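In case it helps, the working numbering puts the sequence shown at residues 7 to 172. By construction, the Cβ of each residue, glycine as well, lies at the ideal position given by its N, Cα and C atoms. Values in this document were obtained by computation on a predicted structure and should not be read as measured data.
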Amino acid sequence: MADEIAANQDNQTEQVQEIKPKKFNKKLIIIIAGAFLVLIISGFITYMVLHSSGKSDGASHKNEETSVKATLVPIEPLILNLSEQGRFLKITMQFEISDPSYQQFVSDYIPQLKDAIIILISSKSSDSISSPEGKLQLKDEILLRANQTVGKDIFKNLYFTEFVMQ
């Protein structure tokens, strides 16, 4: 009797083991196939989007480079006192000029430009130039002063390449 029960349990165990792997394998295969399909589709879409946008952006970018090349005039780093006691600003910038033929003209005015920048920045407080809006306003003011200093409207933009406050 014990042998029959043990044999019956072995048969049931074998049947359970045979049934479970079949269900598990089907689900596992379906999940793996679905995930693989999603990966292939997303990879294809990504490739197509990057490949198509790369061609159009590259062509237009080359056209921009050949048609307009910015001429930059660097200004040496300046270390300035701000209007508050014990506050300093180290600033390096580059002016973008509208015409490359003005580069020598601007180089002759570098001392006057530095003077105008020093006077303007030393009247500023750290609070007024620490925010992004304050930096943009400072850029506009420096551009205005620079154009007034040279007597012509030749500066298109100003780029801060270093801006450290202490």
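Please list the terminal residues of the continuous alpha helix (DSSP H) segment that includes Ile-97.
Where Ile-97 is concerned, there is no enclosing alpha helix (DSSP H), although the beta strand (DSSP E) it sits in stretches over 94-103.
On the three-state DSSP scale, how would you describe Glu-147?
helix
So for Leu-78, helix, strand or coil by DSSP?
strand
Presumed contact (8 Å Cβ cut-off) between Ile-103 and Gln-109, rounded CB distance
7 Å
Per DSSP, cross-strand counterpart(s) of Glu-168
Thr-98
May I have the straight-line CA-CA distance separating Asn-87 from Thr-155, to the nearest angstrom?
22 Å
What is the C-beta distance between Gln-100 and Tyr-165, in whole angstroms, given that I count them as a contact (C-beta under 8 Å)?
5 Å
Could you tell me the alpha carbon to alpha carbon distance between Asn-163 and Thr-52, rounded to whole angstroms?
37 Å
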